[in-house]
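Protein chains: 2
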Amino acid sequence: MTEDARDEVDRLVAAWRTERPDLDVEPLQVLSRVSRLAKHLDRARRAAFAEHDLEPWEFDVLTALRRAGKPYELSPGALLRATLVTSGTMTNRIDRLAQAGLVRRRPDPEDRRGVLVSLTETGLARVDAAFSDLLRREHDLLSNLGPTDQRALAGLLRTLLAPFDSPL
Amino acid sequence: MTEDARDEVDRLVAAWRTERPDLDVEPLQVLSRVSRLAKHLDRARRAAFAEHDLEPWEFDVLTALRRAGKPYELSPGALLRATLVTSGTMTNRIDRLAQAGLVRRRPDPEDRRGVLVSLTETGLARVDAAFSDLLRREHDLLSNLGPTDQRALAGLLRTLLAPFDSPL
DNA sequence: GAGAGATATCTCGATGTCAAGACAGTACAC
DNA sequence: GTGTACTGTCTTGACATCGAGATATCTCTC
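Order-wise, the sequence lines are chains A and B.
According to the numbering used here, the first sequence holds residues 2 to 169 in order.
According to the numbering used here, the second sequence holds residues 2 to 169 in order.
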């Protein structure tokens, strides 16, 4: 009920209510904020990684490998499912990461169509450093929210995300 | 405390807890979900707009103009602030929208550096149709959440977004 | 064990974005 | 009024992404 605009989305919703009073624009309260927040997060991440000489896309691939645990090795197919990009993109990413010496490619001994990608020593060190730095910054971004609110927010987002993740 | 993975992010967090038990990865519960959800939303929007022969980037610009109200006219500078893109991108977008007959450019009579961009009749009709379609789909995406939860979620997101929106 | 269809990866062309800088015009202080 | 800093828009070149299709291999059925 409060009509004071507290963020851009409040202003945006107020404008729509004036222009299209016939429509129910409530969904924007959630979904526009998700999109905008993601865009800001991308920029924050870019800044965080710059100190470690990593691009966000490089980080995405390296963390997927890191999370897999020793020997830090996954197929391109597993990587593209983890990072939500297309196969052409993943091929390109792996090429450049390999050229930078952060990952290694080898043929899959069990499937001659397949390839396995693994972290190099350098890649492992780089991703570990960047990741703890990122967590520090993300922790700060969330500092306006208490632990209870954070858990509540995570739960609500999980509900929205579930239909996307399961049927894939 | 429940350790059953309910979405990809739960699995991701569990993997990190195993691999880096020294780090507090709680922030990912919120922020990874925001990023992933935004990515899925982009795809859903793309699908929705395809029926109206619009790309998401076209829609972003057209809605900003539509929201401004009659005469549906804004400067490129205002548009890029509304859409979080750079000036080079906005120039390119306006070029292509003008070529498609959806917007019109004219010199700003009050500032000879400036330009004003406005919706054409076609642009207005197109954006209105696409917008109500989008809202219908976004409404469905949120159907897993009751009205109370939606409001709670919007409020929590607003808290996170506020520091980004105000200091700009 | 042969064939059909599925799967894994890569190639290629088109495209949208960004960053940095160019340029014209404005505003403000002196 | 003149000079300096700022603002608004556009240009350019590099680059990451996507989508469609190519190729090789595997799997399953008969």
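Beta carbons: idealized from backbone N, C-alpha and C, even for Gly.
* To do: Anything in the region 118 to 136 of chain A with a Cβ closer than 7 Å to a Cβ of chain B? List those residues in chain order, please.
  => 133, 136
* To do: Please check if any C-beta of chain A sits within less than 7 Å of the C-beta of residue 16/B.
  => What you label residue 16/B is simply residue 15 of the second sequence in a count that begins at 1. Output row for residue 16/B: interface = yes.
* Ignore the nearest five residues each way along the sequence and tell me which others in residue 61/B's own chain have a CB closer than 7 Å to its CB. => Looking up residue 61/B in the second sequence gives position 60. Answer for residue 61/B: 84, listed in chain order.
* Tell me, please, whether the CB atom of residue 50/B is closer than 7 Å to any CB atom in chain A? => For the purposes of this step, residue 50/B is identified with residue 49 of the second sequence, where counting begins at 1. It does not; no Cβ of chain A falls within 7 Å.
* When the Cα atoms are used, what is the spatial distance from residue 56/A to residue 96/A? -> Position 55 of the first sequence, counted from the start, is the residue given in the question as residue 56/A. Position 95 of the first sequence, counted from the start, is the residue given in the question as residue 96/A. Those two C-alpha atoms are separated by around 14 Å.
* For chain B, find out if any of its Cβ atoms is closer than 7 Å to the Cβ of residue 163/A; answer yes or no. => For this step, residue 163/A is matched to residue 162 along the first sequence. Answer yes: the Cβ-Cβ gap between residue 163/A and chain B drops below 7 Å somewhere.
* Per DSSP, what kind of secondary structure is residue 134/A in: helix, strand or coil? -> Mapped onto the first sequence, residue 134/A falls at position 133. In this structure, residue 134/A counts as helix in the three-state DSSP scheme.
* Asked: Can you tell me whether DSSP reads residue 146/A as helix, strand or coil?
  -> On the first sequence, position 145 is the one that residue 146/A refers to. The answer is coil: DSSP assigns residue 146/A none of H, G, I, E or B.
* In three-state terms, what does DSSP make of residue 76/A? -> Walking along the first sequence from the start, residue 76/A turns up at place 75. It is coil, neither helix nor strand.
* Count the other CB atoms within 10 Å of the CB of residue 22/A; is the residue buried (16 or more) or exposed (fewer)? -> Position 21 of the first sequence, counted from the first residue, corresponds to residue 22/A. It is exposed - the Cβ of residue 22/A has fewer than 16 other Cβ atoms within 10 Å.
* Look at the alpha carbon of residue 17/B and the alpha carbon of residue 107/B, and state the distance between them as a whole number of angstroms. => To locate residue 17/B, count along the second sequence from 1; it is residue 16. To locate residue 107/B, count along the second sequence from 1; it is residue 106. Going by the C-alpha atoms only, they are around 54 Å apart.
* Mapping DSSP to helix, strand and coil, what is residue 108/B? -> On the second sequence, residue 108/B is found 107 positions in, with the first residue counted as 1. Three-state result, residue 108/B: strand.
* Write down the C-beta distance between residue 175/B and residue 35/A rounded to the nearest angstrom, noting that I regard them as a contact closer than 8 Å. => What is shown of chain B runs 2 to 169, which leaves residue 175/B out entirely.
* Asked: Got a sec: which bits of the region 65 to 86 of chain B sit with their beta carbon under 7 Å from any beta carbon on chain A, in order along the chain?
  -> 67, 68, 70, 85
* Between the region 19 to 46 of chain A and chain B, which residues of the former have CB atoms less than 8 Å from a CB of the latter, in chain order? -> 19, 20, 21, 24, 25, 26, 27, 28, 29, 30, 31, 32, 34, 35, 36, 37, 38, 39, 40, 41, 42, 43
* What's the gap between the Cα of residue 115/A and the Cα of residue 109/A? -> Counting from 1 along the first sequence, the entry for residue 115/A is found at position 114. Counting from 1 along the first sequence, the entry for residue 109/A is found at position 108. Distance between the alpha carbons of residue 115/A and residue 109/A: 5 Å.
* Asked: Using the beta-carbon of each residue, which ones in chain B are nearer than 9 Å to residue 59/A?
  -> On the first sequence, position 58 is the one that residue 59/A refers to. In chain order: nothing, as chain B lies at least about 16 Å away.
* What is the rounded straight-line gap between the Cα of residue 87/A and the Cα of residue 80/A? -> On the first sequence, position 86 is the one that residue 87/A refers to. On the first sequence, position 79 is the one that residue 80/A refers to. Whole-angstrom Cα-Cα distance: 10 Å.
* To do: Pick out whichever of 15/A, 41/A, 30/A, 151/A has its Cα sitting closest to the Cα of residue 82/B.
  => Locating residue 82/B in the second sequence gives position 81, counting from the first residue. Here the closest residue by C-alpha is 41/A.
* **Distance between residue 117/B and residue 69/B (C-alpha atoms, nearest Å)** => On the second sequence, residue 69/B is found 68 positions in, with the first residue counted as 1. On the second sequence, residue 117/B is found 116 positions in, with the first residue counted as 1. Their Cα atoms are separated by approximately 13 Å.
* Same chain, Cβ closer than 7 Å to residue 2/A, neighbours up to 5 away in sequence not counted -> Working through the first sequence from its first residue, we reach residue 2/A at position 1. Any reading at residue 2/A is ruled out, since the residue's pLDDT is 48, under 50, leaving its predicted position unreliable.
* Which two residues bound the contiguous beta strand (DSSP E) that contains residue 24/A? -> Within the first sequence, the letter at position 23 stands for residue 24/A. Unbroken run through residue 24/A: none, as it is neither H nor E.
* **residue 168/B (DSSP reduced to helix, strand or coil)** => The sequence position of residue 168/B within the second sequence is 167, counting from 1. Because the pLDDT at residue 168/B is just 49, under 50, the model does not fix this residue reliably, and the value given afterwards should be weighed accordingly. Coil, per DSSP.
* Asked: Hey, is the region 154 to 165 of chain B in contact with the region 122 to 138 of chain A, meaning 3+ C-beta pairs nearer than 8 Å?
  -> no
* What are the start and end residues of the beta strand (DSSP E) that includes residue 120/A? -> Counting from one through the first sequence, the residue named residue 120/A turns up at place 119. Residue 120/A -> beta strand (DSSP E) spans 116 to 120.
* Pick helix, strand or coil for residue 158/B, following the three-state DSSP scheme. => For this step, residue 158/B is matched to residue 157 along the second sequence. Residue state, collapsed to three classes: helix.
* Of all the CB atoms in chain A, is at least one closer than 7 Å to the CB of residue 53/B? -> Mapped onto the second sequence, residue 53/B falls at position 52. Answer no: the Cβ-Cβ gap between residue 53/B and chain A never drops below 7 Å.
* **Short CB-CB distance (under 7 Å) between residue 103/B and chain A** => As a working mapping, residue 103/B is identified with position 102 in the second sequence. So, not an interface residue.
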